[in-house]
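Structure first, then comments.
Number of protein chains: 2
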Amino acid sequence: MQHILAADIGGTNLRLAITDQTGKILDESRVQAELSLHNAASKRAAEAHIITTISHGIHTFLKQSSYRANSIGIGFPGFFHGQTGVLASSPNLPLLHDFRLAELLSNSIDKPVAVQNDALCAAIGEHRFGAGQGQNNLLHITLGTGVGGGLILNHKPYGGEHGMAMEFGHLCVERAVGNSRPCGCGNTGCLESYASASAVIQIYQEKTGLRCSAKDIYHKARSGDDVAQRILTQAGTYLGMAIAETIKLLDISTITVSGGLSGAWPIIHPALIESLDANLIPPLKGKTTVLQSTLADNAGLLGAAAIAPIR
Amino acid sequence: MQHILAADIGGTNLRLAITDQTGKILDESRVQAELSLHNAASKRAAEAHIITTISHGIHTFLKQSSYRANSIGIGFPGFFHGQTGVLASSPNLPLLHDFRLAELLSNSIDKPVAVQNDALCAAIGEHRFGAGQGQNNLLHITLGTGVGGGLILNHKPYGGEHGMAMEFGHLCVERAVGNSRPCGCGNTGCLESYASASAVIQIYQEKTGLRCSAKDIYHKARSGDDVAQRILTQAGTYLGMAIAETIKLLDISTITVSGGLSGAWPIIHPALIESLDANLIPPLKGKTTVLQSTLADNAGLLGAAAIAPIR
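Note that the protein sequences, when read in sequence, are chains F and X.
In this note's numbering, each number is its position in the first sequence, counted from 1, plus 20.
In this note's numbering, each number is its position in the second sequence, counted from 1, plus 20.
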């Protein structure tokens, strides 16, 4: 049976796994690796740094693992030209553009490599192996440091004209002056400013002066902390609004949610469903199921495994 | 060469045409026909009424035309199950559901018939013959009595899970209490409540006491009427917001606009572009062209011609 090396690449670490073709993780590892390029003098230096860092992580993992891999699939934080593995651009790595990432990694590691946007990989993973398995159409949402989205339409990943589809976290859910929070993208009122783990942490700190993890805020809410409850309910309410807008455009009936903040599901889900129902138009009401991911934080890794070239 | 009978069906009239396969209209007619079913006693009576009304209109047209048609394509105001020609439901004709419209019309007229949602037909027409010709992905917007949308993704019409995709006119663009206008769908703040011809007429009447056509309001605006200018600018601003949300989700780079209110393009377009740019995230800015339709009000009719079965 074919074994696949899957990699989920973040800003400061690589998650690596060997999987089989059924999405079973046989071996895994997490490697610290600084991808950001503060010191890179040029586009060429930045490119070399990325290739070296990823190749080194993969080589090291393969050396210590008892499994071998036939091919490699990678989820990467950036926008790709279709399924070419050419990185068009990456918001957090601005030196890189039109970068033949898959091809250069394949040359460096000497195995076939496919690379795709990380949020789209999570959607692919959830569609192939998780709660969205076999659906015609699927919206997968990640509530992490940011809010990400990936879209499967007619059983295929949809990347859009420039690989930038599903900037779901930047849907505008609050335009009211005073309530409309600033977002890292430069706009105000983006979903990400209310319904990401970082937003919840930030808002809680603003209201109470305390800096807690999203998990702690959830536990406080369950223990009766009003502020924590209101912040998580608000996250669910805004998430429901953004999902309603997406359904009005795309008529999708299955939505899956993963990421750290989805751990607060017992508070977020009812608020989300209430606001989803209030914001849909009558013929679309009651036609959508919103499910917590069954893959936890492995959706992206398993989606990366799913895109690996078949040998 | 094959000739096609194309029909664009509205609530109170049928537009009919004979076209060739290049989208050239060879003959056309508009027939008064009341489709609504206030007097229908049952689902069966309603279905019979629809089939009889449409068949009669088509027969009459074919009898008086010097052209013959090999097959028939129809745009109809309702939601369809995929490309089966089975009507799932129709907001304005609530008695109808799961109705084998294409099959029964085909039996009645004795020619092959295809039927699809009218707004989706307009997108198909614009993609095949109009300003969106040959684009990978296309959003077509109709600014008429309501605001409609149709979507082409990867060169194919996209209808969604229940044929209800692109309820573009019901995107929520105004949530502020006091400014958020009620919409026919039951929600408030829908794009349609600001950027349809009927909304513009209604708002102008509220502000001035005068009931004018959308065309008159446009001419007043061009002649320096402040109120008219503000209402049309507002329509463009809200339209730009709704387009921005759609682009953040779908990364579409070509958008076409038709319908009566698009006649106010010289005022609507600049306002639209300003608000589109303000609401997009940086990597998506400047990547979209918003074009006025080149098919005027024939987009739907020509889309209907494009879906007719090939014999």
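In this text, a Cβ means the ideal position worked out from N, Cα and C, and glycines have one as well.
Whole angstroms is fine: what's the gap from residue i's alpha carbon to residue j's?
i: X:R231; j: X:K240; result: 13 Å
i: X:K227; j: X:S233; result: 15 Å
i: F:A324; j: F:G150; result: 14 Å
i: X:L269; j: F:L304; result: 19 Å
i: X:D245; j: X:D236; result: 11 Å
i: F:G31; j: F:I70; result: 11 Å
i: X:D297; j: F:V197; result: 19 Å
i: X:K44; j: X:S295; result: 36 Å
i: F:Q249; j: X:L321; result: 53 Å
i: X:L55; j: X:Y238; result: 31 Å
i: F:R331; j: F:A89; result: 11 Å
i: X:L163; j: X:A217; result: 7 Å
i: X:H190; j: X:I275; result: 18 Å
i: F:Q41; j: F:N137; result: 20 Å
i: X:H117; j: X:R64; result: 11 Å
i: F:D317; j: F:S91; result: 22 Å
i: X:S273; j: F:A255; result: 31 Å
i: X:A53; j: F:A291; result: 46 Å
i: F:E181; j: F:E187; result: 13 Å
i: F:I74; j: F:L158; result: 30 Å
i: X:H79; j: X:L140; result: 25 Å
i: F:S313; j: F:L82; result: 29 Å
i: F:E48; j: F:V135; result: 19 Å
i: F:R242; j: F:V220; result: 15 Å
i: X:I6; j: X:I301; result: Residue coverage of chain X in this structure runs from 21 to 331, which leaves residue 6 of chain X outside it and unanswerable.
i: X:A61; j: X:T72; result: 16 Å
i: X:N112; j: X:I29; result: 12 Å
i: F:Q194; j: X:P114; result: For clarity, residue 194 of chain F is Glu in the given sequence; the question names Gln instead. Near 34 Å, if we compare the C-alpha coordinates of X:P114 and F:E194.
i: X:T39; j: X:L46; result: 5 Å
i: F:A66; j: X:G95; result: 53 Å
i: X:N156; j: X:P286; result: 27 Å
i: F:T165; j: X:T165; result: 43 Å
i: F:I288; j: X:R50; result: 53 Å
Can you give me the start and stop residues for the alpha helix (DSSP H) that residue i sits inside?
i: X:D236; result: A234 to R242
i: F:D40; result: Taken as a continuous stretch (DSSP letters only), F:D40 belongs to no alpha helix (DSSP H), as it is neither H nor E.
i: X:I129; result: L121 to I129
Grab the span of the beta strand (DSSP E) containing residue i for me, first residue to last.
i: X:E48; result: I45 to Q52
i: F:S86; result: Where F:S86 is concerned, there is no enclosing beta strand (DSSP E), given that its DSSP letter is neither H nor E.
i: F:I275; result: T274 to S278
i: F:G320; result: Element bounds for F:G320: not the beta strand (DSSP E) but the alpha helix (DSSP H), A319 to I327.
i: X:V135; result: V133 to N137
i: F:L311; result: T309 to Q312
i: F:T162; result: L158 to L163
i: X:H101; result: F99 to H101
What are the partner residues of residue i, as DSSP defines its beta bridges?
i: X:A112; result: Correcting the residue identity first, residue 112 of chain X is Asn in this sequence and not Ala. Answer by DSSP bridge pairing: none, since X:N112 is not bridged.
i: X:K176; result: X:L173
i: F:V167; result: F:L163
i: X:I29; result: X:L34
i: X:C210; result: X:C192
i: X:H117; result: X:S109
DSSP on residue i, reduced to helix/strand/coil?
i: F:P286; result: helix
i: F:D297; result: helix
i: F:P303; result: helix
i: X:A151; result: coil
i: X:L292; result: helix
i: X:G93; result: strand
i: F:V106; result: coil
i: X:D245; result: coil
i: X:L140; result: helix
i: F:A185; result: coil
i: F:I223; result: helix
i: X:I24; result: strand
Return yes when the C-beta of residue i is under 7 Å from any heavy atom of the ligand SAM, and no when it is not.
i: F:L36; result: The ligand SAM is not part of the structure shown, which contains no ligands of any sort.
Between the segment 163–176 of chain X and the segment 255–264 of chain F, can you find at least three pairs of beta-carbon atoms closer than 8 Å? Contact fails: fewer than three Cβ-Cβ distances are below 8 Å.
I'd like to know if the segment 201–218 of chain X and the segment 270–281 of chain F are in contact, where contact means that at least 3 CB-CB pairs between them fall below 8 Å. With a cut-off of 8 Å, the segment 270–281 of chain F and the segment 201–218 of chain X do not count as touching, because too few Cβ pairs lie within range.
Measuring CB atoms only, is the segment 119–139 of chain F touching the segment 305–319 of chain F, in the sense that at least three cross pairs come out at less than 8 Å? With the cut-off at 8 Å, the segment 119–139 of chain F and the segment 305–319 of chain F do not touch.
Taking a cut of 7 Å between CB atoms, which residues from the segment 238–271 of chain F lie near chain B? No chain B appears in this structure, whose protein chains are F and X.
Assess, as a yes-or-no matter, whether the segment 153–169 of chain F is touched by the segment 110–124 of chain F under the definition of 3 or more beta carbon pairs within less than 8 Å. Segments in contact, no.
Tell me, please, whether the segment 22–38 of chain F touches the segment 315–329 of chain F by the rule of three or more beta-carbon pairs shorter than 8 Å. The answer is yes - the segment 315–329 of chain F touches the segment 22–38 of chain F, with three or more Cβ pairs under 8 Å.
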